[in-house]
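Take a look at the structure below.
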Amino acid sequence: MSNETERLSGDILLEFLEIAIHTVVYSRRLYPDTIFVKKKLYGTPVYCSIHPEVNSYITESLKGIQELIKKNEVKKVCVVFCDKNTLPIDKIVFDVLALYSRLVVGDSYFIHTEESLRAALLKISHTCRTLKELPEDASFLIQVHTTETASLTLTDDPNNQEDFPWIEAERKCTDIVDGEIVPVREIDTDYLHLEVYALQTAKKSTN
1 MSNETERLSG DILLEFLEIA IHTVVYSRRL YPDTIFVKKK LYGTPVYCSI HPEVNSYITE
61 SLKGIQELIK KNEVKKVCVV FCDKNTLPID KIVFDVLALY SRLVVGDSYF IHTEESLRAA
121 LLKISHTCRT LKELPEDASF LIQVHTTETA SLTLTDDPNN QEDFPWIEAE RKCTDIVDGE
181 IVPVREIDTD YLHLEVYALQ TAKKSTN
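Each residue of the sequence shown is one higher than the one before, counting from 1 in the UniProt record's numbering.
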């Protein structure tokens, strides 16, 4: 039972991350609304990209860390928005605090879990719209923080490199110096515990 719960926890996290990344990209107005379609998940409307390249990038990124999630070796997943020089402007961070493998869970029908994930998606969408507007030449990328051994698995495994190459990010492409943290939502259910927050470049002083 514990192995089954652990598998479910990983599947729930992957599903949530996929729709959350689509939500972030849509809400940040990086692309025209016309490349998104409305769907329904967790009992609430969500917007998903229909652009082949965007979808492939999101799907392959999550597929590449699927096994690491099952091993509980993923620490954070970040959606980073960059300027034309690939320097980070802001990011939405999904901090994976725990994936549970309890023998007994109280939320066997996922009611509380779905409510928590729905509330998180709504808050993510709202928070993204309050962040500073992105420049026209902005882009986004997905960064994954893992354990050191897991990082080696991603970058050195020939299978990973052939299907979807991962590279270690340069510090200048990951760090937002003196960034402003914007809390988004904590998700704590019988299956997983996440902290979601935004990190953006500090606002310039008007003095």
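From the three backbone atoms N, C-alpha and C, an ideal C-beta is built for every residue, glycine too.
Short of 7 Å from the beta carbon of residue 8, and not among the five residues preceding or following it, lie these beta carbons of its own chain, in chain order: 191.
A contact between stretches requires three or more CB pairs, one per stretch, nearer than 8 Å, and the stretch 61-69 fails this requirement with the stretch 30-43. With respect to residue 21, residue 167 sits apart: the two C-beta atoms are not nearer than 9 Å. With distances taken between CA atoms, residue 25 lies nearest to 49 out of 93, 49 and 59.
Counting C-beta pairs closer than 8 Å gives three or more between the stretch 86-99 and the stretch 193-204, which meets the contact rule.
Under the DSSP assignment, residue 69 falls outside any beta strand (DSSP E), being part of the alpha helix (DSSP H) whose first and last residues are 66-70. In this structure, the CA atom of residue 17 is about 17 Å from the CA atom of residue 126. The C-beta of residue 60 has fewer than 16 other C-beta atoms within 10 Å across all chains shown, which makes the residue exposed. Setting aside the 5 residues that flank it on each side, residue 92 is surrounded in the same chain by 24, 79 and 198, each with a C-beta closer than 6 Å to its C-beta; the list follows chain order. Across the set 188, 182, 13 and 202, the C-alpha of 13 shows the shortest separation from the C-alpha of residue 73. Taking a contact as a CB-CB distance under 8 Å, the pair residue 189 and residue 107 counts as one, their CB atoms being some 6 Å apart. For the pair residue 90 and residue 176, the CB atoms are nearer than the 9 Å cut-off. With a minimum length of 3 residues, the unbroken runs of beta strand (DSSP E) contained wholly in the stretch 66-124 fall at 74-82 and 88-99. Secondary structure at residue 144: strand, using DSSP grouped into helix, strand and coil.
If you draw a straight line from the Cα of residue 122 to the Cα of residue 85, it is about 31 Å long. Apart from the 5 residues on each side of it in sequence, residue 43 sits with its Cβ closer than 7 Å to the Cβ of 114 and 118 in its chain, given in chain order. Inter-residue distance for residue 187 and residue 111 is about 13 Å (C-alpha atoms, whole angstroms). DSSP places residue 188 in the strand class (E or B) of the three-state scheme. Shown here, residue 45 sits in a strand according to DSSP, grouped into three states.
Excluding sequence positions up to five before and after residue 169, its CB lies within less than 7 Å of the CB of 143, all in the same chain and listed in chain order.
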